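Colleague: Handing you a structure now.
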Amino acid sequence: MQLNEKVLEQKGLKLYPAPQPVGSYVQCIRTGNYLHLSGGISVNGDESYYGKLGKDVSIEEGQRAAAAAIMNRLAVIQGALGGFGALRKIVAVNGFVNCTPDFTDQAKVLNGASDLLVELFGPEAAHSRSAVGVVSLPLGVAVEINMIVEIDPEAMEA
Amino acid sequence: MQLNEKVLEQKGLKLYPAPQPVGSYVQCIRTGNYLHLSGGISVNGDESYYGKLGKDVSIEEGQRAAAAAIMNRLAVIQGALGGFGALRKIVAVNGFVNCTPDFTDQAKVLNGASDLLVELFGPEAAHSRSAVGVVSLPLGVAVEINMIVEIDPEAMEA
Amino acid sequence: MQLNEKVLEQKGLKLYPAPQPVGSYVQCIRTGNYLHLSGGISVNGDESYYGKLGKDVSIEEGQRAAAAAIMNRLAVIQGALGGFGALRKIVAVNGFVNCTPDFTDQAKVLNGASDLLVELFGPEAAHSRSAVGVVSLPLGVAVEINMIVEIDPEAMEA
Numbered sequence: 009m010q011l012n013e014k015v016l017e018q019k020g021l022k023l024y025p026a027p028q029p030v031g032s033y034v035q036c037i038r039t040g041n042y043l044h045l046s047g048g049i050s051v052n053g054d055e056s057y058y059g060k061l062g063k064d065v066s067i068e069e070g071q072r073a074a075a076a077a078i079m080n081r082l083a084v085i086q087g088a089l090g091g092f093g094a095l096r097k098i099v100a101v102n103g104f105v106n107c108t109p110d111f112t113d114q115a116k117v118l119n120g121a122s123d124l125l126v127e128l129f130g131p132e133a134a135h136s137r138s139a140v141g142v143v144s145l146p147l148g149v150a151v152e153i154n155m156i157v158e159i160d161p162e163a164m165e166a
Numbered sequence: 009m010q011l012n013e014k015v016l017e018q019k020g021l022k023l024y025p026a027p028q029p030v031g032s033y034v035q036c037i038r039t040g041n042y043l044h045l046s047g048g049i050s051v052n053g054d055e056s057y058y059g060k061l062g063k064d065v066s067i068e069e070g071q072r073a074a075a076a077a078i079m080n081r082l083a084v085i086q087g088a089l090g091g092f093g094a095l096r097k098i099v100a101v102n103g104f105v106n107c108t109p110d111f112t113d114q115a116k117v118l119n120g121a122s123d124l125l126v127e128l129f130g131p132e133a134a135h136s137r138s139a140v141g142v143v144s145l146p147l148g149v150a151v152e153i154n155m156i157v158e159i160d161p162e163a164m165e166a
Numbered sequence: 009m010q011l012n013e014k015v016l017e018q019k020g021l022k023l024y025p026a027p028q029p030v031g032s033y034v035q036c037i038r039t040g041n042y043l044h045l046s047g048g049i050s051v052n053g054d055e056s057y058y059g060k061l062g063k064d065v066s067i068e069e070g071q072r073a074a075a076a077a078i079m080n081r082l083a084v085i086q087g088a089l090g091g092f093g094a095l096r097k098i099v100a101v102n103g104f105v106n107c108t109p110d111f112t113d114q115a116k117v118l119n120g121a122s123d124l125l126v127e128l129f130g131p132e133a134a135h136s137r138s139a140v141g142v143v144s145l146p147l148g149v150a151v152e153i154n155m156i157v158e159i160d161p162e163a164m165e166a
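In structure tokens form, the structure reads like this:
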């Protein structure tokens, strides 16, 4: 796929180096034509990406948190593939929204992730998705997202 | 696999057209010999499929909600494959039960999904499964289920 | 991979026969070069593996619960493969931590699982991982973990 750099600029988003894992796990595993990505969280130095939907995070802030988690995952994919030329399909996006028991707009929050993927890569970035509400997330972040993507190993850049 | 139509009838269940996605995601992605299905929710016009286990939804209602989520996912599979002849294995069923902190019968609730699959398709529909309790789900539904299934692309109907 | 038996001994851990499923699902499904494992829970006859992090389970106890869930999953893998010689990669480890809304150390708890895998099998057991907090789990256990592993079917023992 081709990432549309202009969309990044318009949104004031920037790709950054892949985050380092903090335990005995790694940010992604390649198996055959797939990358399985660890859960990525919305940590970007911006306080609004912490907290609970339905309490101290608005839906709009939650959407930005979901976008931040995707940027975090794209950094990992870019690091693993040397770019996005070898990215063929976004197979699955599983989103976990830190929220209160009465919050029911998990899908709207995760649209901040899904919409960004399609804006950046075009309609072929459409993906299967799950959106659930969870009682808490690591470090108190608002959103965590894991992904499975299909790659073309022959198109990987060095 | 062959779906046993008589079981559907006996249970008063009906297959319906695949639901439309409501965002930048799609109901399923095919990759190689697999379909990855988005999280399907127990929305069927029946109020008893909303709410929380341990509070306003009984275990029996939760089992019907789990069955409704499976019917919803089967609609997607049927739409993608043109029937069930190309369905080879139910690889994974991941179930999320909307519940209170002290509810611990998630497995019983999800049996409403697992049992239905085996009743409809026979023992070869046995699958791996996860059952967890979540603080909230989209629209306030009682159950959400995503799936991975193995298919035989050569057996797909037009 | 080779399981280091000495590490098991040092830790006082023991492999046991694969647990039986309690519904229409099975403990794992093989598809191609993969095993998809059902969610395994931290049930071992030890009460400290029940309960909620942030309330009645300490982080250290949670780490032991995560290790117990991994031992439970390794029993399933051993049963399916006839040993660990055909185990090639730990692709994904998805961990669900039963916790209170203000508990944010899910990653630390799951390190009890990730670290054990690397101690038992060496660095090639590094894996992708998700860690989320959930409001409740089946039977009230502290930790549930599902996994996807890559296998070499030709190396399977009878």
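So the sequence lines, in the order shown, correspond to chains A, B and C.
Heads up: the first sequence runs through residues 9 to 166, numbered per the numbering used here.
Heads up: the second sequence runs through residues 9 to 166, numbered per the numbering used here.
Heads up: the third sequence runs through residues 9 to 166, numbered per the numbering used here.
The beta carbon of each residue, even a glycine, is placed where N, CA and C say it ideally should be.
The structure presented is a predicted model; accordingly, all values stated were derived computationally and were not measured.
(1) Over what stretch of residues does the alpha helix (DSSP H) that includes B:Met9 continue unbroken?
(2) Per DSSP, C:Ser66 is paired with what?
(3) For the putative contact between C:Leu145 and B:Gly141, defined by C-beta atoms under 8 Å, what is the C-beta separation to the nearest angstrom?
(4) Just reading off the alpha helix (DSSP H) that B:Glu158 is part of, what are its end residues?
(5) Between the segment 148–155 of chain A and the segment 96–106 of chain A, can you find at least three pairs of beta-carbon atoms closer than 8 Å?
(6) Helix, strand or coil for C:Phe104? Go by DSSP, reduced to three states.
(7) Using only the alpha-carbon positions, how far apart do C:Pro109 and C:Glu162 sit?
(8) My assumption, with CB atoms under 8 Å, is that B:Leu43 sits in contact with B:Ile85. Please give the rounded CB distance.
(9) State yes or no: is the beta carbon of C:Phe129 nearer than 7 Å to at least one beta carbon in chain A?
(10) May I have the straight-line CA-CA distance separating B:Gly70 from B:Val117, to the nearest angstrom?
(11) Ignore the nearest five residues each way along the sequence and tell me which others in C:Tyr33's own chain have a CB closer than 7 Å to its CB.
(12) According to a CB-to-CB cut-off of less than 7 Å, which residues of the segment 80–113 of chain C neighbour chain B?
(13) Looking only at its own chain, which residues have a Cβ that is under 7 Å from the Cβ of C:Leu11, when we skip the five neighbours before and after it?
(14) With a threshold of 7 Å between beta carbons, is C:Ala139 in contact with chain A?
(15) When burial is assigned at 16 or more other CB atoms within 10 Å of the CB, is B:Glu158 buried or exposed?
(16) Find the residues of chain B that neighbour C:Ile159, judging by a C-beta separation of less than 8 Å, and give them in chain order.
(17) Alpha carbon to alpha carbon, what distance is there between A:Val51 and B:Thr39?
(18) Could you have a look at A:Lys22 and say whether DSSP puts it in helix, strand or coil?
(19) What is the rounded straight-line gap between the Cα of A:Leu124 and the Cα of B:Lys63?
(20) With a cut-off of 8 Å on the beta carbons, I'd call C:Gly31 and B:Ser122 a contact; round off their distance for me.
(21) Do B:Leu61 and A:Thr112 have their beta-carbon atoms positioned less than 7 Å apart in this structure?
(22) Kindly list the residues whose CB is nearer than 6 Å to the CB of C:Ala74, restricted to its own chain and excluding five residues on each side of it in sequence; keep chain order.
(23) Is the shortest distance between the beta-carbon of C:Val117 and the beta-carbons of chain B less than 7 Å?
(24) At the level of alpha carbons, what is the spacing between B:Met9 and B:Met164?
Modeller: In terms of the structure at hand:
(1) Residue mapping note: residue 9 of chain B aligns to position 1 of the second sequence, counting from 1. It is not in any alpha helix (DSSP H) - B:Met9 carries neither H nor E in the DSSP assignment.
(2) Numbered from 1 along the third sequence, position 58 holds the residue referred to as residue 66 of chain C. Note: C:Ser66 sits in no beta bridge, so no partner.
(3) Walking along the third sequence from the start, residue 145 of chain C turns up at place 137. Walking along the second sequence from the start, residue 141 of chain B turns up at place 133. With 8 Å as the limit, C:Leu145 and B:Gly141 qualify as a contact, their Cβ atoms being about 6 Å apart.
(4) The count along the second sequence starts at 1 and reaches residue 158 of chain B at position 150. Run containing B:Glu158: none in the alpha helix (DSSP H); it sits in the beta strand (DSSP E), Val151 to Ile159.
(5) As far as the Cβ criterion goes, the segment 96–106 of chain A touches the segment 148–155 of chain A, which means the pair count is three or higher.
(6) Here residue 104 of chain C corresponds to residue number 96 of the third sequence, with the count starting at 1. Strand, per DSSP.
(7) By 1-based counting over the third sequence, the position of residue 109 of chain C is 101. By 1-based counting over the third sequence, the position of residue 162 of chain C is 154. C:Pro109 and C:Glu162 have their C-alpha atoms spaced approximately 46 Å apart.
(8) The residue given as residue 43 of chain B occupies position 35 in the second sequence. The residue given as residue 85 of chain B occupies position 77 in the second sequence. The Cβ separation is near 7 Å, so the contact holds.
(9) Translated into the one-based positions of the third sequence, residue 129 of chain C becomes position 121. Chain A, which has no Cβ nearer than 7 Å to the Cβ of C:Phe129, makes this no.
(10) The count along the second sequence starts at 1 and reaches residue 70 of chain B at position 62. The count along the second sequence starts at 1 and reaches residue 117 of chain B at position 109. Roughly 5 Å separates the two Cα atoms.
(11) To locate residue 33 of chain C, count along the third sequence from 1; it is residue 25. So the qualifying residues of the chain are Ser46.
(12) Going along the segment 80–113 of chain C in chain order, one finds Phe104 with a Cβ nearer than 7 Å to chain B.
(13) As a first step, residue 11 of chain C is located in the third sequence; it is residue number 3 there, counting from the start. Result list for C:Leu11: Phe92, Leu128 and Phe129, in chain order.
(14) As a working note, residue 139 of chain C is residue 131 in the third sequence. Cβ-Cβ to chain A under 7 Å: yes for C:Ala139.
(15) One-based indexing of the second sequence puts residue 158 of chain B at position 150. Burial of B:Glu158 is indicated by the presence of at least 16 other C-beta atoms within 10 angstroms of its C-beta.
(16) On the third sequence, position 151 is the one that residue 159 of chain C refers to. Simply none; closest approach about 14 Å.
(17) Within the second sequence, numbered from 1, the residue matching residue 39 of chain B stands at position 31. Within the first sequence, numbered from 1, the residue matching residue 51 of chain A stands at position 43. Approximately 31 Å between the Cα atoms of the pair.
(18) Here residue 22 of chain A refers to the residue found at position 14 of the first sequence. Three-state result, A:Lys22: coil.
(19) Within the first sequence, numbered from 1, the residue matching residue 124 of chain A stands at position 116. Within the second sequence, numbered from 1, the residue matching residue 63 of chain B stands at position 55. Each residue's CA atom was taken as its position, placing A:Leu124 and B:Lys63 some 37 Å apart.
(20) Residue mapping note: residue 31 of chain C aligns to position 23 of the third sequence, counting from 1. Residue mapping note: residue 122 of chain B aligns to position 114 of the second sequence, counting from 1. Contact holds; Cβ gap of about 5 Å.
(21) To locate residue 112 of chain A, count along the first sequence from 1; it is residue 104. To locate residue 61 of chain B, count along the second sequence from 1; it is residue 53. At the C-beta level, A:Thr112 and B:Leu61 stay beyond 7 Å of one another.
(22) Residue numbering aside, residue 74 of chain C sits at position 66 when the third sequence is read from its first letter. The answer, listed in chain order, is Val117, Leu118, Gly120, Ala121 and Val151.
(23) The count along the third sequence starts at 1 and reaches residue 117 of chain C at position 109. Output row for C:Val117: interface = no.
(24) Sequence index remark: in the second sequence, residue 9 of chain B carries index 1 (1-based). Sequence index remark: in the second sequence, residue 164 of chain B carries index 156 (1-based). Cα to Cα, B:Met9 sits roughly 12 Å from B:Met164.
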